[in-house]
Structure formats: C-alpha cells, structure tokens
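What the sequence shown shows, in the UniProt record's numbering, is residues 1 to 82, in sequence order. All C-beta atoms, glycine included, are put in the ideal place defined by N, C-alpha and C. Remember, it's a predicted structure, so these values are computed and weren't measured experimentally.
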Amino acid sequence: MDSAAGYETPDLPAVCAVREGRPYADAQRNRVYVYRLQTEEDRIALAHEYIHLAFQHHPRGLDENFVERTARTLIRTDNPIQ
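So this is what it looks like as structure tokens:
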C-alpha cells in the first residue's frame with residue numbers, strides 16, 4: 001500500500017476491545033476498536049479501521065467504499081493495493 005495515493009504509515013495503533021456499537025478508529029488516540037480476531041470478518045474489520053488511520057489526511061480515508069474494498073482485498077488476497 002506504500003504507493004497508494006494518500007497512504008501514510010501510521011504509528012502502530014493500540015488495538016482495543018469495542019464494548020458497544022461497531023468497530024471504529026480513533027485517530028486522535030491512535031487506537032482501533034474491534035470485537036475480536038477470530039474470524040476473517042474480524043480481520044477485515046481490523047484492516048478496515050487501520051486503513052481509516054492510514055488515510056486520515058486524505059479524502060480516501062472518508063470513502064467507506066474504498067476503505068471496505070481495500071480491507072477485503074488485503075485480507076483475502078496476496079495482491080498489493082495501489
């Protein structure tokens with residue numbers, strides 16, 4: 001993903017358990033909140049929230065279609081994202 005427009009490698013975020021609601025990213029605290037990491041969907045959720053952090057200074061970071069598609073591609077394939 002290094003060559004993807006707008007990508008900035010964030011500092012390693014803390015991964016926290018979400019207590020209620022949906023998984024989310026907190027860019028100010030550099031944290032992602034997810035349920036668990038047991039299934040493929042859990043890993044996609046973690047990748048999804050990481051992508052929000054990685055593109056937080058670019059319009060792509062707010063594009064849910066881009067973020068979700070990229071997360072699914074990262075988890076389900078070995079292909080790099082451009």
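Rounded C-alpha distance that separates V15 from A25: 9 Å
Is the shortest distance between the beta-carbon of E64 and the beta-carbons of chain D less than 8 Å? The structure shown contains no chain D, having only a single protein chain.
Hey, quick one: how far does the alpha helix (DSSP H) through Y50 stretch, first residue to last? E40 to A54
Count the other C-beta atoms from every protein chain shown that fall within 10 angstroms of the C-beta of L46, then say buried if there are 16 or more, exposed otherwise. buried
DSSP three-state call for V15: helix, strand or coil? strand
Going along the chain, which residues of its own chain have a beta-carbon closer than 8 Å to the beta-carbon of A17, five neighbours each way excluded? Y33, V34, Y35 and R36
Cβ neighbour criterion (16 or more within 10 Å) applied to E20: exposed
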